[in-house]
Amino acid sequence: MDNNILKAKASLEKNGFKVEAFNNVKEVKDFLLEEISKSKSIAFGGSMTLFDMDLYEEFKEKGNETYWHWMAENKGEELKKAMDTDIYISSTNAVTLDGKLVSMDGVGNRVASLIYGHEKVYIIAGRNKISKDYEDGKRRIENIAAPKNAQRLDTKTPCKTTGKCSDCNTVERICRVEIILHRNPTGANINVLLVDEDLGY
Numbered sequence: 086m087d088n089n090i091l092k093a094k095a096s097l098e099k100n101g102f103k104v105e106a107f108n109n110v111k112e113v114k115d116f117l118l119e120e121i122s123k124s125k126s127i128a129f130g131g132s133m134t135l136f137d138m139d140l141y142e143e144f145k146e147k148g149n150e151t152y153w154h155w156m157a158e159n160k161g162e163e164l165k166k167a168m169d170t171d172i173y174i175s176s177t178n179a180v181t182l183d184g185k186l187v188s189m190d191g192v193g194n195r196v197a198s199l200i201y202g203h204e205k206v207y208i209i210a211g212r213n214k215i216s217k218d219y220e221d222g223k224r225r226i227e228n229i230a231a232p233k234n235a236q237r238l239d240t241k242t243p244c245k246t247t248g249k250c251s252d253c254n255t256v257e258r259i260c261r262v263e264i265i266l267h268r269n270p271t272g273a274n275i276n277v278l279l280v281d282e283d284l285g286y
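Counting the sequence shown from 1 gives a position; our numbering is that position plus 85.
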């Protein structure tokens with residue numbers, strides 16, 4: 086197990102989060118499919134980590150009521166339904182060694198659901214998202230996550246071409262809402278699932 090995963094796990098637990106560490110994607114998928122009963126409704130946040138894991142398809146096949154705007158024709162309607170589910174599964178852009186979760190969003194639906202409104206939240210993060218501290222995590226967003234997402238979405242933003250943030254003010258800017266989870270919010274049930282593989286951006 087990557088030593089940084091173990092350090093991040095200990096810090097996150099100290100900050101009130103529930104944390105599990107897994108060796109690979111199969112382990113975390115098996116855990117979630119066992120942990121979440123068929124009776125629970127599930128929403129998925131926009132995430133290449135989840136997309137690559139095929140979690141949405143597996144829970145749909147299991148029989149859960151599932152919502153993911155990435156897979157819906159009417160994205161606006163799907164986003165509204167996603168706000169009221171029992172379970173929310175997503176990722177984050179950076180996990181710091183001192184136990185913080187840093188997430189950047191364009192619309193705000195994902196970061197809002199990470200912190201309020203669901204019975205239980207699962208945040209899946211690969212070892213590539215572990216950062217030294219907040220500043221390192223912010224650099225990760227600016228120079229890795231945002232440019233790659235801009236290229237994927239084919240946005241008309243400078244980072245799509247340059248590969249780094251220029252704090253642009255373009256119409257299609259995707260970095261608009263940032264949250265930092267310093268501690269598990271009061272009354273929240275946030276579960277961080279760290280995986281010893283590179284996942285997503």
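For every residue, glycine included, the Cβ atom is placed at its ideal position computed from N, Cα and C. All values reported here derive from a predicted model rather than from experimental measurement.
{"query": "Which of the three DSSP states, helix, strand or coil, is assigned to K145?", "result": "helix"}
{"query": "E257 and T240 - do their beta-carbons sit closer together than 8 Å?", "result": "yes"}
{"query": "With C-beta atoms as the reference, is E204 less than 8 Å away from D169?", "result": "no"}
{"query": "List in chain order: all unbroken beta strand (DSSP E) runs of 3+ residues lying wholly within the segment 172-232.", "result": "172-175, 179-181, 186-190, 205-211"}
{"query": "Assign A157 to one of three DSSP states: helix, strand, or coil.", "result": "coil"}
{"query": "Enumerated in chain order, which unbroken segments of the alpha helix (DSSP H) with a length of 4 residues or greater are wholly contained in the segment 103-145?", "result": "110-120, 133-138"}
{"query": "Buried or exposed for I208, going by 16 or more other Cβ atoms inside 10 Å?", "result": "buried"}
{"query": "Between E120, A230, R261, W153, which has its C-alpha nearest G248's C-alpha?", "result": "A230"}
{"query": "Where does E162 fall in DSSP's three states?", "result": "helix"}
{"query": "Comparing the CB of L279 with every heavy atom of the ligand FMN, is any distance shorter than 7 Å?", "result": "Looking for the ligand FMN in the displayed structure turns up nothing, as the structure carries no ligands at all."}
{"query": "Quick check on DSSP: helix, strand or coil for T246?", "result": "helix"}
{"query": "Is any beta-carbon of chain D found at less than 8 Å from that of T151?", "result": "Protein chain content of the structure displayed is limited to a single chain, and chain D is not contained in it."}
{"query": "Under 6 Å Cβ to Cβ from L135, same chain only, skipping five residues before and after it: list those, please.", "result": "F129"}
{"query": "Are the Cβ atoms of R268 and G101 separated by less than 8 Å?", "result": "yes"}
{"query": "Please classify S251: is it buried, with 16 or more other beta-carbons within 10 angstroms of its beta-carbon, or exposed?", "result": "exposed"}
{"query": "Using the DSSP secondary-structure output, state which residues sit across from E263 in a beta bridge.", "result": "M189"}
{"query": "Where does L238 fall in DSSP's three states?", "result": "helix"}
{"query": "So which of S124, L118, N159 has the shortest CA-CA distance to D139?", "result": "L118"}
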